[in-house]
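Report on the structure given below.
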Amino acid sequence: MDKDSKIYIAGHRGLAGSAILRQLELKGYRKLALRAHAELELTDQAAVRGFFERERPEYVFLAAAKVGGIVANSSYPAEFIHSNLAVQTNVLHESWRIGVKRLLFLGSSCIYPRDCPQPMKEEYLLTGPLESTNRPYAVAKIAGIEMCWSYNRQYGTNFLAAMPTNLYGPGDSYDLNNSHVLPALIRKMHEAMKAGAGEVVIWGSGAPLRELLYSEDMAEACVHLLDLPSAEFSKLISGREPPLVNIGYGEDQSIAELAHTVARVVGFRGKLRFDTSKPDGTPRKLLDSGRIKALGWKPRTRLDEGIALAYKDFLSRYAG
Numbered sequence: 000m001d002k003d004s005k006i007y008i009a010g011h012r013g014l015a016g017s018a019i020l021r022q023l024e025l026k027g028y029r030k031l032a033l034r035a036h037a038e039l040e041l042t043d044q045a046a047v048r049g050f051f052e053r054e055r056p057e058y059v060f061l062a063a064a065k066v067g068g069i070v071a072n073s074s075y076p077a078e079f080i081h082s083n084l085a086v087q088t089n090v091l092h093e094s095w096r097i098g099v100k101r102l103l104f105l106g107s108s109c110i111y112p113r114d115c116p117q118p119m120k121e122e123y124l125l126t127g128p129l130e131s132t133n134r135p136y137a138v139a140k141i142a143g144i145e146m147c148w149s150y151n152r153q154y155g156t157n158f159l160a161a162m163p164t165n166l167y168g169p170g171d172s173y174d175l176n177n178s179h180v181l182p183a184l185i186r187k188m189h190e191a192m193k194a195g196a197g198e199v200v201i202w203g204s205g206a207p208l209r210e211l212l213y214s215e216d217m218a219e220a221c222v223h224l225l226d227l228p229s230a231e232f233s234k235l236i237s238g239r240e241p242p243l244v245n246i247g248y249g250e251d252q253s254i255a256e257l258a259h260t261v262a263r264v265v266g267f268r269g270k271l272r273f274d275t276s277k278p279d280g281t282p283r284k285l286l287d288s289g290r291i292k293a294l295g296w297k298p299r300t301r302l303d304e305g306i307a308l309a310y311k312d313f314l315s316r317y318a319g
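Right, dumping it as structure tokens:
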């Protein structure tokens, strides 16, 4: 990508998209096409077509998605599958129509089977049943990968799918009904500490293992992928396997361990009680990130450092 290339970031105000925006600005990219949700409804095919015809971006980061944790996925399954399918279908199709040079589609590690061998390699896609609590979202993301592959094969596009592990960082959602586990823990611990509560109740047994990646590290990986030399990029999108690359931290820990780390960072000294009547979700989700690490990327931010930065962001935006 040239510094004057026009780049569109779909979802630039979300956790992933805002991190990609900051990374591009840091690297000196100047022509960034940005539209907030109020300015462009990505589920509206006509609106998306008009935007692409007017702006004609050369590169696209597709980070727009409806996301959430177990509560949100269980409560709004129709919204999760409809919204995500509509957004990615419109953006991918219009990117092909106007001749986008390269596109990066962001998915999620939940695309892999619930009982997948660990760590999860890209070739494990579609080798077993999905986790039931987020299946609508996962199916939508799998469809996005298949679309990238199909358009590449039929139309010669350069669409690549990247699957980050669980993300956290600046701009995250701390809504207890819709957020992922780490931001939910940060808010719960903070509110309990401020209220002088003696305990915090956490969903599930605490046994499931989770891998977490700081959003700024993920953004660096995404820009690195879309800016690869032609020969290396072509290897990723051509062949008999889907054009798919994992982006992970490389280590995981239990929800219980994560909760204790968050409590320490926030300063909550009470008891942690695990409510085993609530669902655990997938037992383990550790990505094999050997493919992208072989291309020269590796994460920079340790988990405890990242949680401290995320808590600082929470305080600045929610705690006044």
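Here the sequence shown is numbered in numbering that gives the first Met the number 0, starting from 0 and rising by one per residue. Think of the CB as a built atom: it goes at the ideal place given N, C-alpha and C, for glycine as much as any other residue.
- When the beta-carbon positions are compared, Ser253 and Gly203 stay at least 8 Å from each other.
- About 25 Å separates the beta carbon of Glu40 from that of Lys100, a gap too long to meet the 8 Å contact definition.
- Rounded to whole angstroms, the separation of the alpha carbons of Met119 and Ala9 is 27 Å.
- Note on Glu122: under 16 other CB atoms within 10 angstroms of its CB, so exposed under the neighbour-count rule.
- Counting of Cβ neighbours within 10 angstroms places Gly143 among the buried residues, the total reaching 16 or more.
- Assigned with DSSP and collapsed to three states, Lys297 falls in coil, not helix or strand.
- Assignment of Arg29 by DSSP, reduced to helix, strand and coil, places it in the coil class.
- Nearest Cα to Ala18 within the set Gln44, Glu52, Ala63 and Asp3: Ala63.
- For Arg101, there is no enclosing alpha helix (DSSP H); the enclosing beta strand (DSSP E) has its first and last residue at Arg101 to Leu105.
- With fewer than 16 other Cβ atoms from the protein chains shown falling within 10 Å of its own Cβ, Pro282 counts as exposed.
- Burial of Ser214 is indicated by the presence of at least 16 other C-beta atoms within 10 angstroms of its C-beta.
- Classified as buried, Leu166 has 16 or more neighbouring CB atoms from the shown chains inside 10 Å of its CB.
- Counting only runs of at least 3 residues, the segment 161–248 fully encloses the following beta strand (DSSP E) elements, listed from N- to C-terminal order: 165–167, 198–202, 211–213 and 243–246.
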